Each structure stands twice: as structure tokens, then as C-alpha cells.
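Report on the structure given below.
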Amino acid sequence: ISTSQEWDDVDWRLTVDFDLTENHMLYATASKAFRAGSYSYTIPSWTATNNATSENLTAGLAASPPFVSPESVENNEIGMRTEWLNGKLRVNLTYFDMDYTNRQAATPVQVPIEQAAAGFIIVTTNTGDVSLDGFELEGQFAATENFTIDFSAGTLGYTMHNICANNGDFLFPGPVEDSYALGGTFFKSLRAGSQLTFSLNYGWTGKQQTHPGGIVDPVSKGCPASAANFLDSRYELEDYGLLNGRVRYTSADGQWALTLFGNNLTDEVYGNYASRFGGGFWDSGN
846 ISTSQEWDDV DWRLTVDFDL TENHMLYATA SKAFRAGSYS YTIPSWTATN NATSENLTAG
906 LAASPPFVSP ESVENNEIGM RTEWLNGKLR VNLTYFDMDY TNRQAATPVQ VPIEQAAAGF
966 IIVTTNTGDV SLDGFELEGQ FAATENFTID FSAGTLGYTM HNICANNGDF LFPGPVEDSY
1026 ALGGTFFKSL RAGSQLTFSL NYGWTGKQQT HPGGIVDPVS KGCPASAANF LDSRYELEDY
1086 GLLNGRVRYT SADGQWALTL FGNNLTDEVY GNYASRFGGG FWDSGN
């Protein structure tokens, strides 16, 4: 079977900077990104009767082309880039607002029972439009000549505008909606000109949805009653925090260095990705 399609669009970006002072800058950015449509082949005309002959496949493709619409993202962003206390403190703040149109994603699609005993297939489809917005904060403070503190935080929120197409309320893969990090670095110069660096940092990652999750009542949302609706696959990954440390020795000539590092120093047990597809991963004795 042979088929083709073409798409084209123009990506663009416009940024305006404004210097309030020598050490304080405001900016605004508007941009657009485009991704061509994708080819998601299925066999829409297959039944046990026609057994997917080439003629029936060609007719099925003509009636239901396997192309997924192009997607685009428009982003509006404002922010500040600042330095304070004669350059000892740097603070950057960003706010963004994104409109994601015709998002391409993998999702289960219901198949008529006469076509497949499993009842669904996983395909790349158009999952509709998504709105996202959030804040990002990052900075560094030089407390002394030998000691610096780094910090960052972020929050992200989103709204699915087509939960029927997405087959659920959540993005897949789902973003972390809240996070922050705090760290410190100490520099120690030795007599021979070499240097020791000690660093310790803690990062916290908030809760995360890892599956679109189906729809509680698809009919009331205007979705087909036959939609593949994996409510039992919903899974919320718990938040977790990690403490990491590092000691580094750098030679006086800078030609070699030795680093000792330890991750997860508090020996936490955590998951950084998980799902319970069909309810069978976490709750079936596995």
C-alpha cells in the first residue's frame, strides 16, 4: 500500500528586550513552532469477512486516511533577568502561556468487536488542543567569595480542551506540575594552588500523572459510549525529594581532577516513572 501527504508552514519568533537599568532587563517573546502531520497506519477496513485483501485495504485507506493532522504550538512569554547587590545575587523569573493545537499523541482507539478480540489498538492520533501556562524561577547568591547558593522552582498547569479525543483528562506523557531545588557549593583553595569543591543539593519533584486515564463518565462529556476508557490505568506518581552531594579535587595546573559523588544520600525509595496499564502492574501481585 502506498500513500503520501505534504504539509508546510512557517515557524517564527519575535523578542523584545527592555533594559530598566544596567542590571535589570525585561523581555517579551512570542513564537510559533510547527510539526508536520504524521503517518499512523492501521487497517480501518479489516473484518473477518474480507480478511484484509489489497483491494479492501486500498478502499479502507481512501475512506479513512491514516494521516494525523499537523500540530503547532504558540508561546507567549514574559520575564525578567536581574542582578542585585553588586552582582552577588542573580534572579531570573519567567511566565509562559502556550496554546498547543492538534497535539499528536499515542492513545487507545476502540475497534469494533468483530475486527479484533482485544477491543482496542494503540495509535498516534490527534488528541485535540491543550493550553499550558506556568512560572519558572532560578537564581544564584554568592554569599562569600568561597560559598554560593543556587535555587530554582517551577509550576505548570494545563487544560485539555478535547478529553474525548485524548481519552482522558491528563497529558501523556504527563509533565511534573511543581518542583524546586536548592543547593550550595563551597570552594577551598589549597596551598599548592589546587582546589577542593564541596557541593550539596536537594531537589523536590511534585506529583505526576502518568496516563491519560480515561473519562469518569464519557457519555456525559459527549464522548462515544464505545470509547476505549482506561480508568483502571490511571496512576498518580507520588512526589519525592533527592539529596545529592559531590566533592571535587582539581590539580593546580587544571590538567586533571578527581570527583567523588553520592546520589540519594538519604536512601529514599522512589519511582521516577510508573503506570498500571489495565490495572495489572501495581495491583496484581507483580
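No gaps in the numbering here: position 22 of the sequence shown is 867 in our numbering, and each next residue is one more. Here a beta-carbon is modelled for each residue, glycine too, at the ideal position from N, C-alpha and C. This structure is a prediction, so every number in the text was calculated from the model and none was measured.
Judged by DSSP in its simplified three-state form, alanine 875 adopts strand.
In the three-state reduction of the DSSP assignment, isoleucine 1060 falls in the coil class, being assigned neither a helical nor a strand state.
In the DSSP assignment, alanine 1119 falls outside any alpha helix (DSSP H) and carries neither an H nor an E.
Per DSSP, alanine 987 lies in no alpha helix (DSSP H); the unbroken beta strand (DSSP E) holding it starts and ends at 975-987. Following the DSSP letters along the chain, one finds alanine 1010 inside the alpha helix (DSSP H) bounded by residues 1008-1011.
Contact between the stretch 913-930 and the stretch 874-886 is present, with at least three C-beta pairs closer than 8 Å. Excluding the 5 residues flanking it on each side, leucine 934 has same chain C-beta neighbours closer than 8 Å at Glu928, Gly984, Gln985, Phe986, Ala987, in chain order. With a contact defined as Cβ atoms closer than 8 Å, isoleucine 967 and isoleucine 1008 miss out at about 18 Å. Residue environment: serine 1034 is assigned as exposed (fewer than 16 neighbouring CB atoms within 10 Å of its CB, all protein chains considered). For tyrosine 1025 against tryptophan 1049, the beta-carbon gap comes to about 5 Å, under 8 Å, which counts as contact. By the CB criterion at 7 Å, tyrosine 1047 and leucine 1082 fall outside the cutoff. Our two residues, threonine 1104 and serine 1039, have alpha carbons roughly 14 Å apart in a direct line. Boundaries of the beta strand (DSSP E) harbouring tryptophan 1049: 1040-1050, taken from the DSSP string. Look at leucine 1088 here: in three-state DSSP terms it is strand. The residue among Ala998, Ala873, Gly1090 with its C-alpha nearest the C-alpha of arginine 858 is Ala873. When the Cα atoms are used, aspartate 1023 and arginine 1036 turn out to be separated by approximately 44 Å.
Within the same chain, and ignoring the five residues on either side of threonine 946 in sequence, the residues whose Cβ sits closer than 7 Å to its Cβ are Glu916, Ser917, Asp974.
Cα atoms of aspartate 1014 and phenylalanine 992: separation of roughly 45 Å, rounded to the nearest angstrom. Following the DSSP letters along the chain, one finds glutamate 916 inside the beta strand (DSSP E) bounded by residues 916-929. In the DSSP secondary-structure assignment, phenylalanine 996 is bridged to Gly984, Leu1027. Judged by beta-carbon spacing, glutamine 1053 lies beyond the 7 Å limit of glycine 999, meaning their Cβ atoms are not closer than that value.
Following the DSSP letters along the chain, one finds asparagine 937 inside the beta strand (DSSP E) bounded by residues 934-946. Between the beta-carbon of phenylalanine 1031 and that of phenylalanine 1043 there is about 5 Å, and that keeps the pair under the 8 Å contact cut.
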